[in-house]
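Novice: Going by the working numbering, the sequence shown opens with residue 1326, and the numbers climb by one from there.
Structure incoming, see below.
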Amino acid sequence: MVDPVSRRAFLRMSGVAAGVAAIGVDLFSERELAMAALPTEIFSGTAMPPADAVLINFNENPLGPSASARKAAIAMLPQSGRYLFPQQLHLAELFARQNHLPPDHVEVYPGSGVALDALTLAFTSPTASLVVADPSYEQPFQMAGKHQVQVHKVPLRADFSHDVKAMAGAAADAGLIYICNPNNPTGTITSRADIEWLLANKPKNAIVLVDEAYIHFSDAASVLDLVAAGKDLVVLRTFSKLYGMAGMRVGAVAARPDLLAHIQALRTGGGAALPVMSVAAAIASLNDPSLVPTRKKINAGIRDETIAWLRKEGYACTPSQGNCFMLDVKRPGQEVAAQLASQHVFVGRSWPIWPDQLRVSIGTAPEMLRFRKAFAGVMAGTKTAMLQPAVPRGMEEWSAIA
Ligand code: PLP
């Protein structure tokens, strides 16, 4: 672990040294990589997507904020002239109470990605390396790459879980070990037993960061209770996925106060106030007990139907419990993505370790039928529709909502 004082000194130093080549890391941003697959005339970095676009590229939730979240946000609008820090504190306390954590173990951020960058800066350095799975969410190693941090990528196991044994042994100087559970892009689970093993066997100074952005969609066991138990552990949550609030920017970090102090030192903007309407929507989401089970069921129904159809057509998919999965298209994935994009179906990207696979996010039932139709056409070598599938059983609810 890096103490906050030497961390600040390191940041000053790394600012001066910015531009030095990263060590074995991929420096493209999520957006740059996705855009690389898209015909610029219809979906450039500056253009809005076409009106009929199927956007299954960024693991967003097509349902958006829940009805109660929308109502709460709108009700908060007249008070948006105030900073309302107590409301932000209330959100952190509510999250802590619901998860049986002491209130000083939780902080909220304008998106979990902001906290993820701060955690990477806080716990890695040129002498404290980063250990990540491959493929996994790239943001930590992209940030590490900008700061001359050594990154160790460890392939997933054959069952698509994190190889915790290999990750624990990857670097004696590890400062941060990143576990995304369920994993982005595979949607696959790493067991609680494996995470407990990692906490017990990691290099002494390493912090384990478990990113639970997609946990609400899955049956994976959360490790939030291990935060309360005082482990060298940080857990990240977001309101961007199941809660459908990606554009509203709310995330939460749970850790021991001494660990939170490291990222507080990096907090910018006079403490980083969150948008008050977003905080109101997040509180309403947490206070709606039916939201997680209802949306989990909707997502699982459409995901499992889509994967079953693809497998029947002869295409391997990862056994996802999230709102995305990896699809083996048996040829360069970016080519297939570009052909789909020409039909306004925008899927995710490939990872360098699996160039023939594409990430597909879960959209609404009609959107996934558009995806199937376009995919069947592209794979058959035509751009025209090959299939006219009806709404499959179990997807009607999603169709009705969408
Ligand atoms: N963590 C994971 C695994 C993600 O996939 C994402 C976004 O896609 C984030 C964190 C960042 O999410 P946000 O900043 O919207 O909370």
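C-beta: ideal position from N, C-alpha, C; glycine also.
#1: What separation, rounded to the nearest whole angstrom, lies between the Cα atoms of Thr1449 and Leu1501?
#2: For the beta strand (DSSP E) containing Ala1499, name the first residue and the last one.
#3: Cα separation between Trp1634 and Cys1505?
#4: Quick test of the definition: if touching needs 3 or more C-beta pairs under 8 Å, does the stretch 1460–1467 touch the stretch 1589–1605?
#5: With a CB to CB cut of under 6 Å and the five nearest residues on each side skipped, what residues in its chain are close to Trp1676?
#6: The alpha helix (DSSP H) spanning His1430 covers which residue range?
#7: Quick one: what's got a C-beta closer than 8 Å to Leu1419's C-beta in the same chain, skipping five residues either side?
#8: Regarding Gly1436 and the ligand PLP, is the C-beta to nearest heavy atom distance less than 6 Å?
#9: Under the three-state reduction of DSSP, which class applies to Lys1566: helix, strand or coil?
#10: Under a Cβ-count criterion, where at least 16 other Cβ atoms within 10 Å of its own Cβ denotes burial, should Ser1405 be classed as buried or exposed?
#11: Would you tell me roughly how many angstroms separate the C-alpha atoms of Pro1364 and Tyr1539, rounded to the nearest one?
#12: Heavy atom of the ligand PLP less than 6 Å from the Cβ of Gly1576, yes or no?
#13: Could you give the C-beta distance for Val1479 and Met1492, rounded to a whole number, given that I count them as a contact under 8 Å?
#14: Counting C-beta neighbours from all protein chains within 10 Å, is the total for Phe1650 16 or more, i.e. buried, or is it exposed?
#15: In this structure, how does DSSP classify Arg1674 when only helix, strand and coil are distinguished?
#16: Which same chain residues, not among the five before or five after Arg1356, have their C-beta less than 6 Å away from its C-beta?
#17: Hey, Gly1647 and Gly1512 are a contact pair by Cβ (cut 8 Å); roughly how many whole angstroms apart?
#18: Take every Cβ of the stretch 1547–1563, pair it with every Cβ of the stretch 1372–1390, and state whether three or more of those distances are shorter than 8 Å.
#19: Just the Cα atoms here: how many angstroms apart are Val1379 and Ala1705?
#20: Would you say the beta carbon of Ser1543 is closer than 6 Å to some non-hydrogen atom of the ligand PLP?
#21: Is Ser1547 helix, strand or coil by DSSP?
#22: Within the present structure, is the beta-carbon of Tyr1568 separated from the nearest heavy atom of the ligand PLP by less than 6 Å?
#23: Going by DSSP, what residue range makes up the alpha helix (DSSP H) through Val1489?
#24: What's the call for Glu1638, buried or exposed, on a 16-neighbour Cβ count within 10 Å?
#25: Identify which residue in Pro1657, Arg1656, Gly1688, Pro1680 has its Cα closest to the Cα of Phe1671.
#26: Decide if the stretch 1424–1434 is in contact with the stretch 1569–1589; the criterion is three or more beta carbon pairs, one per stretch, under 8 Å apart.
#27: Should Tyr1434 be labelled buried (16 or more other beta-carbon atoms within 10 Å of its own) or exposed?
#28: I'd like the span of the alpha helix (DSSP H) that includes Ile1532, first residue to last.
#29: Given this structure, state the Cα-to-Cα distance separating Phe1542 from His1472, to the nearest angstrom.
#30: Go ahead and label Ile1678 buried or exposed: buried means 16 or more other beta carbons lie within 10 angstroms of its beta carbon, across all protein chains shown.
#31: Closest by CA to Val1457, which one among Ala1531, Gly1555, Ser1645, Met1573?
#32: For the alpha helix (DSSP H) containing Asp1629, list its first residue and its last residue.
Specialist: In short, the structure shows the following:
#1: Approximately 6 Å, taken between the alpha carbons.
#2: 1499–1505
#3: Straight-line measurement puts the Cα of Cys1505 at about 27 Å from the Cα of Trp1634.
#4: no
#5: Pro1460
#6: No alpha helix (DSSP H) holds His1430; DSSP gives it neither H nor E.
#7: Ile1608, Leu1611, Asn1612
#8: yes
#9: coil
#10: exposed
#11: In this predicted model, Pro1364 has a pLDDT of only 43, less than 50, meaning its place in the structure is not dependable enough to derive any value.
#12: For the ligand PLP, at least one heavy atom lies less than 6 Å from the Cβ of Gly1576.
#13: 5 Å
#14: It counts as buried.
#15: The answer is coil: DSSP assigns Arg1674 none of H, G, I, E or B.
#16: Bear in mind that the predicted position of Arg1356 carries a pLDDT of just 46, short of 50, making it too unreliable to give a figure here.
#17: The C-beta distance from Gly1647 to Gly1512 rounds to 3 Å, short enough to fall under 8 Å.
#18: no
#19: When rounded, the distance between both Cα atoms is 20 Å.
#20: no
#21: coil
#22: no
#23: 1489–1494
#24: exposed
#25: When only C-alpha atoms are compared, the closest one is Gly1688.
#26: With a cut-off of 8 Å, the stretch 1569–1589 and the stretch 1424–1434 count as touching, because enough Cβ pairs lie within range.
#27: When all chains shown are included, Tyr1434 counts as buried.
#28: Element bounds for Ile1532: not the alpha helix (DSSP H) but the beta strand (DSSP E), 1532–1536.
#29: 33 Å
#30: exposed
#31: Ala1531
#32: 1616–1637
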